[in-house]
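Counting from 297, one number per residue, gives the positions in the first sequence under the working numbering.
Here a beta-carbon is modelled for each residue, glycine too, at the ideal position from N, C-alpha and C.
These numbers come from a predicted model, not from an experiment.
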Amino acid sequence: MTDSAKPTLMVVDGHSLAYRAFFALPVENFTTKDNQHTNGIYGFLSMLVNLIKAEQPTHLAIAFDTSRHSFRTDEYPEYKATRSESPQEFKGQIPLLQDCLAAMSIPVLTKEGIEADDILATLASQGAEQGYDVLVVSGDRDTIQLVNDDVTLLYPSVQGVSQLKRYDPTTVQERYGVRPEQYPDIAALVGETSDNLPGVPKVGEKTAVKWLTQFGSLDELIARADEIKGVVGGNLRDHVEDVRRNRKLNRLLTDVELPVGPADLEVAPIDAQAVRDIFARLEFRTLLPRVFEAVGAGEVADDPASVVVLPAPVDVAPADLAAWAAAQDGDVSLRVTTQGGVPVRIGAATLTDLREADWTDTAAEALREWIESDAPKVLHDAKPQVKALIRQGLRLRGLSYDTSLAGWLLRPSFPDKTLADLVERYLGEKLPEADPSQLVPETEGATPSQEAWFALRVADALREDIPESVGTVLVDIELPTLLTLADMEVAGVAVSHEVLSTFSGELATRAEGLAQEAFSVVGREFNLGSPKQLQEVLFEDLQLPKTRKTKTGYSTDAAVLADLQESHPHPFLSLLLQHREATKLRQIIESLDTAIGDDHRVHTTYVQTGSQTGRLSSTDPNLQNIPVRTEESRRIRSAFEVGEGYEALLTADYSQIEMRIMAHLSGDEGLIEAFNSGEDLHRFVGARVFGVDPSDVTPAMRTKVKAMSYGLVYGLSAFGLSKQLRIEQSEAKQLMVEYFARFGAVRDYLRASVMKAKEVGYTETIFGRRRPFPDLASPNRVLRENAERAALNAPIQGSAADIMKIALLHIHDDLRSEQLSSRVLLQIHDELVVEVAPGEWDATERIVRARMGDAAELTVPLDVQVGRGRDWNEAAH
DNA sequence: CCAGGCACGTA
DNA sequence: CGTACGTGCCTGGT
297 MTDSAKPTLM
307 VVDGHSLAYR
317 AFFALPVENF
327 TTKDNQHTNG
337 IYGFLSMLVN
347 LIKAEQPTHL
357 AIAFDTSRHS
367 FRTDEYPEYK
377 ATRSESPQEF
387 KGQIPLLQDC
397 LAAMSIPVLT
407 KEGIEADDIL
417 ATLASQGAEQ
427 GYDVLVVSGD
437 RDTIQLVNDD
447 VTLLYPSVQG
457 VSQLKRYDPT
467 TVQERYGVRP
477 EQYPDIAALV
487 GETSDNLPGV
497 PKVGEKTAVK
507 WLTQFGSLDE
517 LIARADEIKG
527 VVGGNLRDHV
537 EDVRRNRKLN
547 RLLTDVELPV
557 GPADLEVAPI
567 DAQAVRDIFA
577 RLEFRTLLPR
587 VFEAVGAGEV
597 ADDPASVVVL
607 PAPVDVAPAD
617 LAAWAAAQDG
627 DVSLRVTTQG
637 GVPVRIGAAT
647 LTDLREADWT
657 DTAAEALREW
667 IESDAPKVLH
677 DAKPQVKALI
687 RQGLRLRGLS
697 YDTSLAGWLL
707 RPSFPDKTLA
717 DLVERYLGEK
727 LPEADPSQLV
737 PETEGATPSQ
747 EAWFALRVAD
757 ALREDIPESV
767 GTVLVDIELP
777 TLLTLADMEV
787 AGVAVSHEVL
797 STFSGELATR
807 AEGLAQEAFS
817 VVGREFNLGS
827 PKQLQEVLFE
837 DLQLPKTRKT
847 KTGYSTDAAV
857 LADLQESHPH
867 PFLSLLLQHR
877 EATKLRQIIE
887 SLDTAIGDDH
897 RVHTTYVQTG
907 SQTGRLSSTD
917 PNLQNIPVRT
927 EESRRIRSAF
937 EVGEGYEALL
947 TADYSQIEMR
957 IMAHLSGDEG
967 LIEAFNSGED
977 LHRFVGARVF
987 GVDPSDVTPA
997 MRTKVKAMSY
1007 GLVYGLSAFG
1017 LSKQLRIEQS
1027 EAKQLMVEYF
1037 ARFGAVRDYL
1047 RASVMKAKEV
1057 GYTETIFGRR
1067 RPFPDLASPN
1077 RVLRENAERA
1087 ALNAPIQGSA
1097 ADIMKIALLH
1107 IHDDLRSEQL
1117 SSRVLLQIHD
1127 ELVVEVAPGE
1137 WDATERIVRA
1147 RMGDAAELTV
1157 PLDVQVGRGR
1167 DWNEAAH
């Protein structure tokens, strides 16, 4: 307990505690937009703030090591020699942490050749002498020796930095069985592996305590070492010098010459603005109020970020809102709230003025001129709002910014940002939200125009942060794509319930039959869909060998079952696989069927911020994973039909777009020639790799190089390739060697591309879309290698996504500007499905071919395959 | 009622 | 020990 009459001096080992925080906190949550890692800084400061709040020190200092070199390494060069170098991404955080401490007016103490713990020891000893209650905070066990009636040690428990255990003389005695000042004797006998200080073999804490209790002191023990019997006695006598050395090295210095003493360390007022500045740079949001609270400063009120004056919304009629908006010079932010896809209220804002109106019957006409004008409009998550307007017959133009898209482009690993999230991150403010747990909420949510106002300010903040190339991607690609997707989603695609339900019925019958047959083979009934019950049957009832382990048991996936069938053929396995296939198809059909609307069409939602690479994703339902591989599964595609009033479906897909991008980016002459030769790609590559004539490339050779080529794009290893092709690893390795011997520039490009990403911390597509990769610098090998493969793939997959988006929006715009009724319905990454109106086939095909072909200027041509049919399956041929 | 794990569909 | 996604079922927790 601290005596309130006495001042409290708290001295902290900054290095060891920040290092623990560094490993305790996941780096992905603590990385700024310019890829500065902050987990060590955040964890340390968070702990410090809690400590200050709990202990209320009157005097405070943080000590740091200067380098590995110290008087101890002079004495014994092996000291700490086995300790691995601390990672660069930790070291880089120390200066920033010290900047934070400086802003908080907390003295940072270092001394060349002296370790942080010696500084703590010196200050603790001076403090105790001068009448302070001393708190030592350190992660090094040697500091236990400092504990006495005036000095308490706070030591991180195994749980981590958030929990500190308090050691006074009594707790030390309870825990270690000796008095604090004897602890170094124990440590000297036992040794310290982490410091590379070997002790007496076979002697652990228990023996050491026993000896010390028996002999009273280490000197006495050594003097009478002869009295100890057995192997340990011999060990002791053989290692007396080690023990003496250990004891010498683990004694902390209490007489280090320091420029300051305890009295100079009085807690001083913090520099609030400096703290705000550096925390802003490190993107700490929640820590700021905690710091201010802990130091008891009434500073929070001064924080401009927390005193936000919301302009009051002015309620007007839609026509007045439109007139007001049209009269503004710059950006006007817009927010349309909807219910069931129908507008209910509309708000608009500039930085100073807010207007809002209920959506009335005449609203559409009153707003048309402004909404459809080029006047710049800023929205957050515009697509649902644009769709609601489309259904009212209004086509929004002049979309100048979407904060949801911009936030995603800046940090694609944090998708799906709500406006509230962005307001907190980029403005450091809180978006007023109605408490959803209450029927009549006590707190009012933001009104539409207030949300628009926040979005406008977020947009301004994002514009500051976004690199130029990423801003170009937003304006030239993403915003026009958003408007295109809105049209596609509203259009939907016609799906035949009849085709689906016939197929579903067949599958249900088949699945039931397969299940019954499977049960009779096994001898009992069970749930085929339960992995748990399935494992019982496979590995217990049927006594099949255990397969690949998973977190919860053993895998039963298709690849594993196929292997099993080969090694231990059993009729059940084939029945199970067929049953899986039938039920899977049925599930897909059912979910598709329930998604068919009153208009007999299915309206998916494209999530524009749904991937980290720039691809779209599709949900409710996902129309980007409709089966295609087997003949039977393609029956589902035949349910996607041309809609009433239209003539045909047109499908258009890029062939081998990723390999073409690879050829372009790598400049590999062989690969470029492959694409310019007109020869089948895999045949051409196979001929080169196997040194035969293209006409002599066998199907097996073609399969191998095809897998290799595609694998390249994903960062495939020889191991992975051998597994996929079911060949020996040595053969896979040889295949890779031959491949790279012919297409060396590809390997050079991939290597250089990952290297560059490591250097700058992000990858970039041909069009400037970026994806940050903090894990490329991770000390964790698994994380790092995963990041390397993703970084290898990102520019390729991302550039393909960019190209398709550009083609898509050009096609969309051309169809409209040529006043055609044909319309794009679906995008499946490298394929488009277009619904063609009567008489428009030729024009539509011309536009699609031209726009897909010229979406990017690469060193190889972009090849486009077009098909026509009454349904999707037919059109694919 | 929800989250995590598994399996599996697509590019 | 190959990238990027979404969905449905089962399970074991709330």
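Ser914 is bridged by DSSP to Tyr902. Contact annotation: the stretch 302-314 touches the stretch 355-370, with at least three C-beta pairs closer than 8 Å. Where His875 is concerned, there is no enclosing beta strand (DSSP E), although the alpha helix (DSSP H) around it starts and stops at Pro867 to Thr890.
Comparing alpha-carbon positions, the option among Ser401, Pro452 and Ala399 lying closest to Arg316 turns out to be Pro452. Leu554 and Ala398 have their alpha carbons spaced roughly 18 Å apart.
An exposed status is given to Gly636, since fewer than 16 other beta-carbon atoms sit within 10 Å of its beta-carbon. In this structure the stretch 457-471 does not touch the stretch 484-499; the number of beta carbon pairs closer than 8 Å is below three. Secondary structure at Gln332: coil, using DSSP grouped into helix, strand and coil. The continuous stretches of alpha helix (DSSP H) do not include Leu1122, which lies in the beta strand (DSSP E) extending over residues Arg1119 to Gln1123. At a cut-off of 4 residues, the continuous stretches assigned as alpha helix (DSSP H) that sit fully inside the stretch 413-479 are 465-472. In this model, Val754 and Ala320 are separated by some 32 Å (Cα to Cα).
A distance below 9 Å separates the beta carbons of Pro708 and Gln908. Exposed is the label assigned to Ser863, since fewer than 16 other Cβ atoms lie within 10 Å of its Cβ.
The beta-bridge partner set that DSSP reports for Glu1127 consists of Asp949. The DSSP-derived three-state label of Ile762 is coil. For Glu652, the pairing in a beta bridge is given by DSSP as Asp611 and Gly643. Looking at the backbone, the Cα of Phe360 and that of Glu725 are separated by about 35 Å. Within the stretch 789-862, the complete beta strand (DSSP E) segments of 3 residues or longer fall at 789-791, listed in chain order.
Remark: C-beta atoms of Ser991 and Val1042 do not approach each other more closely than 9 Å.
For the set Val496, Asp330, Gly703 and Ala996, the Cα lying nearest the Cα of Asn542 is the one of Val496. Beta-bridge partners assigned by DSSP to His355: Leu305 and Glu562.
The beta carbon of Lys845 sits closer than 8 Å to those of Ser851, all from its chain and outside the five residues before and after it, given in chain order.
Taken through DSSP and simplified to helix, strand or coil, Tyr1035 comes out as helix.
Leu695: not part of any alpha helix (DSSP H); member of the beta strand (DSSP E) spanning Leu695 to Asp698, first to last residue. Assignment of Leu961 by DSSP, reduced to helix, strand and coil, places it in the helix class. Comparing alpha carbon positions, the residue from Val1129, Ile1107, Asp1126 and Asn1089 closest to Arg1142 is Ile1107. Looking at the backbone, the Cα of Asp1138 and that of Gln829 are separated by about 57 Å.
Under the DSSP assignment, Val1160 falls in the beta strand (DSSP E) whose first and last residues are Val1160 to Gly1165. Going by C-alpha positions, Lys387 is about 39 Å away from Tyr697. Pro1068: member of the beta strand (DSSP E) spanning Arg1066 to Pro1068, first to last residue. Under DSSP, Ser669 shares a beta bridge with no residue. Its chain contains Ala948, Tyr950, Ala1103, Leu1158 and Val1160 as the residues whose beta carbon lies nearer than 7 Å to that of Met1148, once the 5 sequence neighbours on both sides are disregarded; these appear in chain order. For the 9 Å CB-CB criterion, Leu873 and Ala854 form a contact. No Cβ-Cβ contact shorter than 9 Å links Gln1020 with Leu1008. CA-CA distance, Val993 to Thr999, rounds to 10 Å. Judged by DSSP secondary structure, Thr1059 falls within the beta strand (DSSP E) whose first and last residues are Tyr1058 to Glu1060.
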